Amino acid sequence: MDLYEIRGSRLDVIAEETEYQELNRDMASPLKKSPGVKDRHDDMFGNGRIESDINSSRNQLQEKVAEMENFAGHLEEIFLTVEENFGRREQHLEHHYTDVLQTISQRYDERAARLEDEKKRKLEALYTQLLACGHALDASKELIEEAKEVYRSQDKRVFLKTVVPTLKRIEEFAKEEMDLTLATNLDFETPLADLSDVKSMMDSINIVPAPSAPVINPQMANSATQTSLRVCWSLFSDDTVEFYELYYRLVLQNAPLDSTTAPQVRKAKVKETHCTVKELLPGAQYELWVTATNTTGISPASEKALYMTVPSPPVIKQRQCCSCPEAALIRWESGNPDPVDSYTVELTELKGSDGNEKGVTESVVAVPTCQCLIQLQAGHCYLISVRAVNIGGPSDRSKEICISTSGTFFYLLEETAHPCLSISEDGFTIFYGDEELPISAMALDDDNFTRCVAVLGDLIPVRARHYWEVEVDDRTEFRIGVAYEDTERNSYLGGNNTSWCMRHILTTSRHKYEFLHSGQSPDLRITVNPVRIGLALDYDWGTLSFFNVDLEQHLHTFQCQFQRYVQPCFGLDSPGALTIHNGIEAPKYAFIEHP
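Quick note: to get the numbering used here, add 41 to the position in the sequence shown (first position is 1).
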């Protein structure tokens, strides 16, 4: 079955699913149109049961289609792997046969050259022997002619004078031995051809060489989940591979080199050049390497690569989030042992009268730190969540928090509180008890107030209008206002040039109110003791105003161009309690509309 047949089968299954769904709708519509039929089915089986069975069947069919699609995708990957292995095998076979033919051709050329040399030697030897025979024949003919001339001589004196030397020469010639055997063998040598290397090469065609080391790829973006990693590698050679073994282990941060509790190395055996390893830790770093194996042996290990799983969802620190009508400051904890690349803040506006309808989700991406200041629209409610992002992909959403922009909302900075000050569980009421703590029980640091029993609030750093209210007890001496975050901790609120506050003093004759900055206060008299005091901070006009909320009465306004962001401050000069009310809409009288 080829790829087209596989895809065709998948389309047939999907078509069958569509026909089945249409059949279900055809079956359901008569039931709805005919009350009589519906009643009869309600009596026998119940209309709800039929719909449940239909939905169950459809879900099962969809699951089977999804499984078949996954299996078809897996078959496609195997098909491509087989094609790659066949191509490498074909190239390997062609290369070997080319080497064998080249070797045989070289052997032929060498053998032909040796035969040519042997022929030349034989011919030279025969030619030399032929020349010697020719010289011997010439000498014998010369002696015969000389003997004939002596025999024919008529002069006896000449005959006697020449016959003796001629006989001696004939005797000497006759004594010479003539080699009448051939100087060379007429047969050529036929040594056995040494084709052992050719045989080895032929045999090696059937022996696959051990593969070389694979090359593990760097991690791709969005290639992981919280508990799994998809790892890919490749081969830069024509190796034939039966299977791969992927090794991986957890990388421990700041682990000692001689640690005896080193993470266990695990491995997975696969046939493709990719693998998905599961059951991993979220937001963790893993070291991976891979080897290739065939019938001959195992390759060297690849170089080790570092992969990361998707981080765990961050944890929003709700007690450290603050907002105002124009913006919200969201803070969170990473929740991961290893650092992440960035964070994504997602916000969804809640619509509708009941707030159950969700609008479009917007995102603020590539946030580098664990906090983000988001611009919002006034008078709306938002669901805000955070995702952590690394190369493996984005995490799941954090637990959502609801932010309302109807007013300014903040919590107290508990790390600035005087040791004698207690804060309620909801974080909006402070208490100063009658009992004084011993000095040994006062754990002080640079952020704690040490002289004034006070605490700062965590106001959002936005230069806008902010409003909050404080519920007081006229039997308690208190100080409320604003201060710079670095205001002196060993001085009283309002007693320095970094804080502005309203002070309530109990005397034997009356309630006294002061509006202090740098220890100075205007001479004011308040006739009605306020129980709920509103504070309106306007950065644009540089004002801090105080109001009696119950009477909608203006008490006092500080005029100051605040050069830096200020924080709400709350202090108790006598045992008692204060309750902060924020996140409420500012009344119309709190801010003067300037032209």
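Beta carbons: idealized from backbone N, C-alpha and C, even for Gly.
In this text the structure is predicted, and so the values were computed from the model without any measurement.
Separation of residue j from residue i, as counted between CA atoms
i: Thr-385; j: Gln-594; result: 45 Å
i: Pro-259; j: Val-311; result: 19 Å
i: Glu-687; j: Phe-229; result: Shown here, the chain extends from 42 to 636; a query on residue 687 therefore has no answer.
i: Glu-187; j: Thr-169; result: 28 Å
i: Leu-121; j: Val-272; result: 18 Å
i: Ala-505; j: Val-590; result: 21 Å
i: Asn-570; j: Leu-547; result: 11 Å
i: Ala-419; j: Glu-367; result: 6 Å
i: Ala-627; j: Leu-453; result: 20 Å
i: Arg-520; j: Ser-375; result: 37 Å
i: Thr-598; j: Leu-565; result: 12 Å
i: Arg-307; j: Val-318; result: 10 Å
i: Phe-632; j: Ala-265; result: 53 Å
i: Arg-99; j: Asp-437; result: 29 Å
i: Leu-321; j: Tyr-289; result: 10 Å
i: Gln-143; j: Ala-251; result: 24 Å
i: Thr-539; j: Ala-524; result: 6 Å
i: Trp-373; j: Thr-336; result: 54 Å
i: Ser-465; j: Tyr-630; result: 31 Å
i: Phe-214; j: Ser-181; result: 8 Å
i: Glu-124; j: Leu-276; result: 15 Å
i: Gln-412; j: Phe-450; result: 17 Å
i: Leu-370; j: Asp-467; result: 19 Å
CB contact flag (residue i, residue j, <7 Å)
i: Leu-424; j: Glu-398; result: no
i: Val-427; j: Ser-445; result: no
i: Gly-575; j: Leu-557; result: no
i: Val-292; j: Gln-326; result: yes
i: Tyr-473; j: Gly-617; result: yes
i: Met-387; j: His-421; result: Going by the sequence as given, residue 387 is Glu instead of Met. No. Outside cutoff.
i: Arg-573; j: Glu-555; result: no
i: Pro-354; j: Ser-383; result: no
i: Glu-529; j: Asn-537; result: yes
i: Ile-625; j: Gly-448; result: yes
i: Phe-587; j: Leu-578; result: no
i: Gly-522; j: Cys-493; result: no
i: Ala-696; j: Pro-435; result: What the structure shows of the chain is the stretch from 42 to 636, and residue 696 is not part of that stretch, so it cannot be assessed.
i: Thr-225; j: Lys-163; result: yes
i: Asp-614; j: Glu-476; result: no
Residue i, buried or exposed, once every other Cβ within 10 Å from all chains shown has been counted against 16
i: Pro-380; result: exposed
i: Asn-377; result: buried
i: Leu-223; result: exposed
i: Ile-501; result: buried
i: Phe-490; result: buried
i: Trp-582; result: exposed
i: Phe-112; result: exposed
i: Ala-262; result: exposed
i: Phe-127; result: exposed
i: Thr-314; result: buried
i: Ile-471; result: buried
i: Gly-338; result: exposed
i: Leu-116; result: exposed
i: Ile-119; result: exposed
i: Val-503; result: buried
i: Cys-443; result: exposed
i: Ile-357; result: buried
i: Asp-280; result: buried
Residues bridged to residue i [DSSP beta-bridge criterion]
i: His-176; result: DSSP output for His-176 lists no bridge partner at all.
i: Lys-553; result: Ile-546
i: Leu-287; result: Ala-309, Val-331
i: Lys-399; result: Leu-391
i: Asn-589; result: Ile-574, Gln-594
i: His-558; result: Gln-561
i: Thr-317; result: Arg-271
i: His-133; result: Per DSSP, none; premise fails for His-133.
i: Cys-443; result: Leu-424
i: Arg-520; result: Arg-544, Gly-612
Residue i beta carbon near the ligand COA (any heavy atom closer than 6 Å)
i: Glu-441; result: The model depicted lacks the ligand COA and carries no ligand whatsoever.
Practice item. Inspect the CB distances between the region 507-519 and the region 610-624 and report whether three or more fall short of 8 Å. Key: Here the region 507-519 makes contact with the region 610-624; the two share three or more CB pairs at distances below 8 Å.
Exercise for review: Count the C-beta pairs between the region 496-506 and the region 604-613 that are closer than 8 Å, then say yes if the count reaches three, no if not.
Suggested key: Cβ pair count under 8 Å is three or more, so yes.
Review point. Can we say the region 423-431 touches the region 349-359, given the rule of at least three CB pairs closer than 8 Å?
Key: These segments touch.
Review point. How about the region 453-463 and the region 400-411: do they share at least three Cβ pairs that are nearer than 8 Å?
Key: Verdict: no, contact absent.
Exercise for review: For the region 595-605 and the region 333-348, state whether three or more C-beta atom pairs, one from each stretch, are separated by less than 8 Å.
Suggested key: The region 333-348 and the region 595-605 do not touch, with fewer than three beta-carbon pairs separated by less than 8 Å.
Check your understanding: Do the region 281-291 and the region 353-365 meet, that is, are 3 or more Cβ pairs less than 8 Å apart?
Key -> Result no; under three Cβ-Cβ pairs closer than 8 Å.
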